[in-house]
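Below is one structure, written out as structure tokens, with a few remarks after it.
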Amino acid sequence: MNEWSEANVNLCHQRQERILADVYPALKEDGYLIYSTCSYSHQENEEILDWLCDTFNMESLPIPMVRQTHHDKEWGIVETRSEKHQAFGYRFYPGQAKGEGLFAACLKKKEQADDAPSFKAKGHQKLALQEIEIVKRYLIEPENYYYNKINDDWLAINRIHKESLDTLQRYLYIKKSGVRIGKLMGKDLVPDHELALSIHTNKDAFLQTELTYEQAIQYLRRENIDINPTDKGWSLMCFEGEPLGWAKLLPNRINNYYPKEIRILASPPTP
């Protein structure tokens, strides 16, 4: 229980994807993949099933449970379905099944075994030129970058890497490439924390708020900050000229957008 955190759940989810991407080429066409975890996290279980169906076009197979009893006792297996592809999964809960519990699913490989795995460009979309022009405002020398959109997130990478990136995406699962800029909401950008810390950020495109040491610690702890802003909008929160992250300045309050998974939890030292 002490090890649980949202960041650890995300780490385990990413680790499962890396393991599966590595072992997938060893599976023959029409071969069966039995995917099983000791977790009840949707991120490690049902979301991974959807990822397998999206990335490798795998087929989810139901497991008929015609013998649901053993020595006149119910097995207590709970069937579950993933959100996107309705892939079948099976949860063995402690108290309903013997042991500490587990999750299991069965999927079938549909492509030929001797083909090099060709990955789909996960979430990549056709980009609107008007949106690209909006995103360019937030980078220094914006013409030097290739712009990419994965789901709702905009990313930028140096143009000299575009050809290599295209090649890698055909054979590898690319979790991320370049600097994550943020999400567009209409004509406004919701900036990502990576953009705040990037050396490529056009800081003139944003407000900048200089913090005292005490205010910087409040910000890094993701607490309310004791300042009264005179401006409105997204602001880079800075200490001694160095950016720490983003906050949204509003007429009556400040919304702190420092990532909660890396916030300061321990008491800070006295300066």
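Residue numbers for the sequence shown, in this note's numbering: 11 to 281. For each residue, glycine too, the CB sits at the ideal point set by N, CA and C.
Open item on the list: For Tyr157, which residues in the same chain have their Cβ closer than 8 angstroms to its Cβ, ignoring the five residues on either side in sequence?
Closed with: Around Tyr157: Leu137, Ile142, Val145, Lys146, Trp164, Leu165 and Ala166.
TODO: Please say whether Gly243 and Leu285 have beta carbons closer to each other than 7 angstroms?
DONE: Here the chain has residues from 11 to 281 only, and residue 285 is not among them.
TODO: Using the Cα positions of Leu5 and Glu89, report the straight-line distance between them to the nearest angstrom.
DONE: The structure shown does not extend to residue 5, since the chain is modelled only from 11 through 281, so no value can be given for it.
TODO: Measure the beta-carbon distance from Ser70 to Leu117 and round it to whole angstroms, keeping in mind my assumption that it falls under 8 angstroms.
DONE: Right, the Cβ-Cβ distance comes to about 6 angstroms (below 8 angstroms), so this counts as a contact.
TODO: Using a threshold of 7 angstroms, state whether the C-beta atoms of Ala31 and Tyr181 are closer than that.
DONE: Not in contact: Ala31 and Tyr181 (Cβ atoms no closer than 7 angstroms).
- [ ] Evaluate Lys213 with the Cβ neighbour count: other Cβ atoms within 10 Å of its Cβ, from every protein chain shown; 16 or more gives buried, anything less gives exposed.
- [x] Its Cβ having fewer than 16 others within 10 Å, Lys213 is exposed.
- [ ] Taking Tyr148 and Thr219 to be in contact with their CB atoms under 8 angstroms, please state how far apart those CB atoms are, rounded to whole angstroms.
- [x] Actually they do not touch by this definition, with Cβ atoms about 17 angstroms apart.
Open item on the list: What does the Cβ neighbour count give for Leu139, buried or exposed, with the cut at 16 atoms within 10 Å?
Closed with: Per the 10 Å Cβ criterion, exposed.
Open item on the list: Measuring alpha carbon to alpha carbon, tell me which residue in Pro72, Leu246 and Leu275 is nearest Phe98.
Closed with: Restricting attention to Pro72, Leu246 and Leu275, the CA atom closest to the CA of Phe98 is found in Pro72.
Open item on the list: Quick check on Gln24: does DSSP put it in helix, strand or coil?
Closed with: Reduced to three states, the DSSP call for Gln24 is helix.
Open item on the list: In whole angstroms, give me the CA-to-CA distance for Ile44 and Phe102.
Closed with: Rounded to the nearest angstrom, the two C-alpha atoms are 15 angstroms apart.
TODO: Could you check what DSSP says for Pro261 in three-state terms: helix, strand or coil?
DONE: For Pro261, the three-state secondary structure derived from DSSP is coil.
Task: Sequence-distant residues of its chain with Cβ nearer than 6 angstroms to Leu217 (five each side left out) - done: So the list reads Asp241, Gly243 and Ser245, once near-sequence residues are dropped.
Open item on the list: Less than 8 angstroms between C-beta atoms, sequence neighbours within five positions excluded: which residues of the same chain meet that for Pro201?
Closed with: Hits under 8 angstroms: Tyr148, Ile191, Gly192, Phe216, Trp244 and Trp256.
TODO: Figure out for me which residue from Asn20, Arg169 and Lys159 has the closest Cα to the Cα of Glu153.
DONE: Comparing Cα positions, the closest option is Arg169.
Task: Outcome for Glu56 when other beta-carbon atoms lying within 10 angstroms are tallied against a minimum of 16 - done: Its Cβ being crowded by 16 or more others within 10 Å, Glu56 is buried.
TODO: List the DSSP bridge partners of Arg101.
DONE: Val88 and Phe113, per the DSSP bridge assignment.
Task: Straight-line Cα distance separating Pro239 from Arg263 - done: Between Arg263 and Pro239, the C-alpha separation is close to 8 angstroms.
TODO: Assign Lys119 to one of two classes, buried (16 or more other C-beta atoms within 10 Å of its C-beta) or exposed (fewer than that).
DONE: Residue environment: Lys119 is assigned as buried (16 or more neighbouring CB atoms within 10 Å of its CB, all protein chains considered).
Task: Nonlocal neighbours in the same chain, by C-beta distance under 6 angstroms from Ser187, ignoring five residues either side - done: The answer, listed in chain order, is Ile167 and Leu175.
Open item on the list: With distance defined between alpha-carbon atoms, name the residue in Glu93, Val189 and Ile160 nearest to His293.
Closed with: No answer is possible for residue 293: the residues shown for the chain start at 11 and end at 281.
- [ ] With DSSP as the reference, label Glu173 as helix, strand or coil.
- [x] Glu173: helix per DSSP, three-state reduction.
Open item on the list: Measuring alpha carbon to alpha carbon, tell me which residue in Glu121, Leu194, Ala206 and Arg232 is nearest Lys159.
Closed with: Closest by alpha carbon: Leu194.
Task: Residue environment, Tyr100, which counts as buried when at least 16 other CB atoms sit within 10 Å - done: So Tyr100 ends up on the buried side.
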